[in-house]
Amino acid sequence: MIGTQGLRRLLVAVVCAITFDAGLANAADWAGHHLENLPTNYVFGYGSLINSPSRNATLRSMVTAIPVRVLAAFGYVRTWNEHNPTARFTALGLRKIAAGEPGNTINGVIYPVDDQQLADNDDREIGYIRAEIPPSQIEAVGWERLPEAGHIWIYVPKEATAGGPSFDYPLLQTYIDVVIEGGFEHSPEFAREILDTTEGWSPFWLNDRELARRPWVRDPDARKVDQLLASTPATAMLYANRKFPETYAETLKGAAAR
1 MIGTQGLRRL
11 LVAVVCAITF
21 DAGLANAADW
31 AGHHLENLPT
41 NYVFGYGSLI
51 NSPSRNATLR
61 SMVTAIPVRV
71 LAAFGYVRTW
81 NEHNPTARFT
91 ALGLRKIAAG
101 EPGNTINGVI
111 YPVDDQQLAD
121 NDDREIGYIR
131 AEIPPSQIEA
141 VGWERLPEAG
151 HIWIYVPKEA
161 TAGGPSFDYP
171 LLQTYIDVVI
181 EGGFEHSPEF
191 AREILDTTEG
201 WSPFWLNDRE
211 LARRPWVRDP
221 DARKVDQLLA
231 STPATAMLYA
241 NRKFPETYAE
251 TLKGAAAR
């Protein structure tokens, strides 16, 4: 007869065997299914697409994104230069550098898309043109490997919608919140890099948050975003002078007219 100890050893051996077989089955499924259906298209997001809820709302599914950085040699700079004609604010875009001008890196995320999701991204980025980034111009930020094949797309503002912040097309705090909170998904340093490598910050900055004077009621990360904006040289002074809706027009309309 098998004693208690022997029975325990037998049960452990059976469990280990079942677990090992299941692992092989999963490995076969992964190798047989996923590797035969590798994505052929990826999108690089450098603004609101960094933010997972914002991105996934367009893709209509949970899509994993990895943090990356586009090299300065790509020849573009992230800046506030896209006029959204519907909401009438200035969104993040790209500007091609001039001859002899040093470039800048652009941190963001890349994520795979199928044909329908790529079309949905095109519809979302209606004021932009989709352009391709050579894989040699992208470096990994974290431990995740970059895709070894496929097209990597980026959105550049159309000439017709390009323009910097103005009284009629201000920076919106709620849009900035989406971008920076997306950066915080990866690290505080990643979020700060977004601010440091973005041009075109402007005094035409509207604090349009819901309950803007007590934003933490609706957005628990608002205080963290504000602390980052206040401590980053690129944004600190302008952040301190952003305007609530009730004072925006009174304070800045005259300045815009001068």
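Note that the working numbering gives residue 60 to position 60 of the sequence shown, counting from 1, and the numbers run on in steps of one.
Backbone N, C-alpha and C define an ideal beta-carbon position, used for all residues, glycine too.
A quick note: this is a predicted structure, and the numbers were derived from the prediction, not measured.
- Secondary structure note for Ile126: it is in no beta strand (DSSP E), with a DSSP letter that is neither H nor E.
- Taking a contact as a CB-CB distance under 8 Å, the pair Gly200 and Gly164 counts as one, their CB atoms being some 6 Å apart.
- Between Gly150 and Tyr76, the C-beta gap is not smaller than 8 Å, which leaves the two residues out of contact.
- Runs of alpha helix (DSSP H) with 4 or more residues, each lying fully within the stretch 79–164, are found at 115–124, listed in chain order.
- Spanning the alpha carbons of Gln173 and Pro112 requires a straight line of approximately 29 Å.
- Counting only residues of its own chain and dropping the five nearest sequence neighbours on each side, Thr232 has a CB closer than 8 Å to the CB of Arg192, Leu195 and Asp196.
- Residue state for Arg69 is assigned as strand, using DSSP reduced to three classes.
- Contact between the stretch 153–162 and the stretch 129–139 is present, with at least three C-beta pairs closer than 8 Å.
- Between Phe190 and Pro67, the C-beta spacing is below 8 Å.
- Distance from the CA atom of Asp208 to the CA atom of Phe244, rounded to whole angstroms, is 7 Å.
- Cβ atoms of Leu59 and Gln117 come within 8 Å of each other, at about 5 Å.
- Distance from Phe89 to Pro203 at the Cβ level is roughly 15 Å; contact not present, criterion being Cβ atoms closer than 8 Å.
- As computed with DSSP, Leu171 is found in a beta bridge with Trp205.
- When the Cα atoms are used, Tyr46 and Arg78 turn out to be separated by approximately 8 Å.
- Judged by beta-carbon spacing, Val225 lies within the 8 Å limit of Ile180, meaning their Cβ atoms are closer than that value.
- Here Tyr42 is bridged, per DSSP, to Pro112 and Ile152.
- Contact between Arg69 and Ile106 is confirmed by a C-beta separation of about 7 Å, below the 8 Å threshold.
- Bridge partners of Tyr248 according to DSSP: none are assigned.
- For the pair Ala236 and Leu229, the Cα-to-Cα distance works out to about 6 Å.
- From the listed residues Phe44, Ala72 and His83, the smallest Cα separation to Ser166 is found for His83.
- The beta carbon of Phe44 sits closer than 8 Å to the beta carbons of Val68, Val70, Gly108, Val109, Ile110, Ile133, Ile138, Ile152, Trp153 and Ile154 from its chain, once the five residues preceding and following it are set aside; these are given in chain order.
- Scanning the stretch 184–246 for uninterrupted alpha helix (DSSP H) segments of 4 residues or longer gives 188–196, 222–231 and 236–240, listed from N- to C-terminal end.
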